[in-house]
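I have placed the structure first, in the form of C-alpha cells, so that the comments after it can refer back to it.
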Amino acid sequence: MLRSRNPIRRLVLRTLGVCGVAPFSLAIGQAQSTLRFGTTPVFLNDHVETTARWRRYLVDATGTNVQFVQRGSYGEILELLMRNDLDAAWVCGYPYVISKARLELLATPIYHGKPLYQSYLIVPADDEATRSIADLRNSIYAFSDPLSNSGYLVPKSELLRLGTTPEAFFRKAFFTFSHRKVVDAVRLGVARGGSVDGYVWDTLAKQQPESTKGVRVAWRSREFGFPPVVVRKTLDGQLTATLHRAFVNMARTHAGQDVLTRLNLDGFGDAPDSTFDGIAAMVRQVDGVKT
C-alpha cells in the first residue's frame, strides 16, 4: 500500500504552518550572498559532474556564490522553500501549482522546442499486451514521488477516470523518489509497471541506453508544463532578476550550452503561467486542493 492516502493535503497544511518557524540549520552562518538552489534525485540522480558545471555556470553568470542543496523528495525541497531555507529550486509543476502564493515562476526548461513534456507508462519489453494503466489491475506498480506530476498525479488521475484509486486498483504500489529508480524497478522485475517523466526516460535512453534496455513505453500522456525553476517570493528582487537572466541566457554561452547538453535541454525560457493549467486542473480534480 502507498504510505499516504492524501500526501498533498497533509503537506499543504504542514508547509503553511511553518511560515513563522526559525530558519532551518541549512541557513545558519550563511549570508544572502550565497544563493541556495534545491534539486532532488527525482530528476538529477548521480549527475555529480553536471551539477558541478551547472553551479560554476551560475556563479559566473550571477556573480554570486551558489550552493546546490539536494534533498530526497519534492516535499522536502518545498518545505525548505516555505521556510526561506532555499532561495530557488528545480521542482515539478505539481508542487509549484499548489504553492503559487509563496513561489514565483523564474524560468521553464525548453525541450524539443517547447516548455512541455509528457508522463510515460512503462512496462517490461516482453509485455506486449499492456496499452494503458487499465491493463495493470492487481499488479505491483512504481510511482516516483507523491508530488510528481508525471510520476504520480497523472496516473492517479487516469485511475480516477476509471472510478478507482491506486490503493484499490493495484495489489501493491510504492514510491521510488527517483524516475531512474522507477525504470530500474520495472527493468529488474520489482514492478510490473511504473510512471515516469518522459523527458527523464528520453534522456536515459539517449545517454545511458543500457538503463532502459528490457523496458518499453506502453502509453504517453498529453503534454503538460515542464518542471520549472522557481524562487521564493521573498527573495531579493535584484537577485531574482539576475538569476532569471542567467537561466534564459544559458544557451548563449559555451559554459551554459555545455550544461544544457548534459541536461538534454534546448534552454530555459519564459513560459506563461497558463502553461501549468492542465496540472492545476488535475490537482483540483484528484486532491481537492484549490490552486
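If you want this note's numbering, it's the position in the sequence shown, counting the first as 1, plus 80.
A virtual CB, placed ideally from N, CA and C, is assigned to each residue, including glycine.
Apart from the five residues just before and just after residue i, which ones in its own chain have a Cβ nearer than 6 Å to its Cβ?
{"i": "V262", "result": "A222, S224, T256, G274 and V276"}
{"i": "A335", "result": "Y137"}
{"i": "R296", "result": "A205"}
{"i": "G344", "result": "The question names Gly, but residue 344 in the sequence shown is Asn. Same-chain partners within the cutoff: T283."}
{"i": "L315", "result": "D167"}
{"i": "V203", "result": "T210, G273 and A298"}
{"i": "F356", "result": "G173, V177 and G305"}
From the DSSP output, in three-state form, read off residue i for me.
{"i": "T355", "result": "helix"}
{"i": "Q365", "result": "helix"}
{"i": "C99", "result": "Any answer about C99 is weak, because its pLDDT of 36 lies below 50 and its placement is not dependable; what the coordinates show is given next. Three-state DSSP puts C99 in coil, outside helix and strand."}
{"i": "T283", "result": "helix"}
{"i": "L277", "result": "Looking at the sequence shown, residue 277 is not Leu but Asp. Strand, per DSSP."}
{"i": "A271", "result": "coil"}
{"i": "V263", "result": "helix"}
{"i": "Q198", "result": "coil"}
{"i": "T144", "result": "coil"}
{"i": "V339", "result": "helix"}
{"i": "E184", "result": "strand"}
{"i": "Q254", "result": "Per the sequence presented here, residue 254 reads as Phe, with Gln not at that position. In this structure, F254 counts as strand in the three-state DSSP scheme."}
{"i": "L227", "result": "coil"}
{"i": "G155", "result": "helix"}
{"i": "P308", "result": "coil"}
{"i": "A168", "result": "strand"}
{"i": "A360", "result": "helix"}
{"i": "Q150", "result": "strand"}
So, is residue i buried or exposed, given that buried needs 16 or more other C-beta atoms within 10 angstroms?
{"i": "G317", "result": "exposed"}
{"i": "S258", "result": "buried"}
{"i": "E373", "result": "Any property of residue 373 remains undetermined from this structure, which presents the chain solely from 81 to 371."}
{"i": "R151", "result": "buried"}
{"i": "S105", "result": "For S105, the pLDDT reaches just 34, beneath the cut-off of 50, and the residue's location in the model is therefore unreliable, leaving the point undetermined."}
{"i": "K286", "result": "exposed"}
{"i": "A361", "result": "exposed"}
{"i": "S153", "result": "buried"}
{"i": "K236", "result": "buried"}
{"i": "A253", "result": "buried"}
{"i": "L242", "result": "exposed"}
{"i": "L233", "result": "buried"}
{"i": "P352", "result": "exposed"}
{"i": "A248", "result": "exposed"}
{"i": "A181", "result": "exposed"}
Tell me, to the nearest whole angstrom, how far the beta carbon of residue i is from that of residue j; I am working on the premise that it is less than 8 Å.
{"i": "G278", "j": "R300", "result": "7 Å"}
{"i": "P195", "j": "G305", "result": "6 Å"}
{"i": "L323", "j": "L115", "result": "7 Å"}
{"i": "S228", "j": "Y191", "result": "That pair is no contact at about 16 Å."}
{"i": "G155", "j": "P246", "result": "Rounded, the Cβ-Cβ distance is 17 Å, inconsistent with contact."}
{"i": "Q198", "j": "E303", "result": "6 Å"}
{"i": "R163", "j": "V146", "result": "Actually they do not touch by this definition, with Cβ atoms about 19 Å apart."}
{"i": "T130", "j": "R342", "result": "4 Å"}
Spatial neighbours of residue i within its chain, please: C-beta separation below 7 Å, excluding the five flanking residues on both sides.
{"i": "S219", "result": "F250, R251, R272 and G273"}
{"i": "V310", "result": "A168, A169, V171, Y176, L183, E184, L185 and L186"}
For residue i, which residues from the same chain have a beta carbon less than 8 Å from its beta carbon, with the 5 sequence-adjacent residues on both sides left out?
{"i": "V328", "result": "A187, G347, F348, G349 and D350"}
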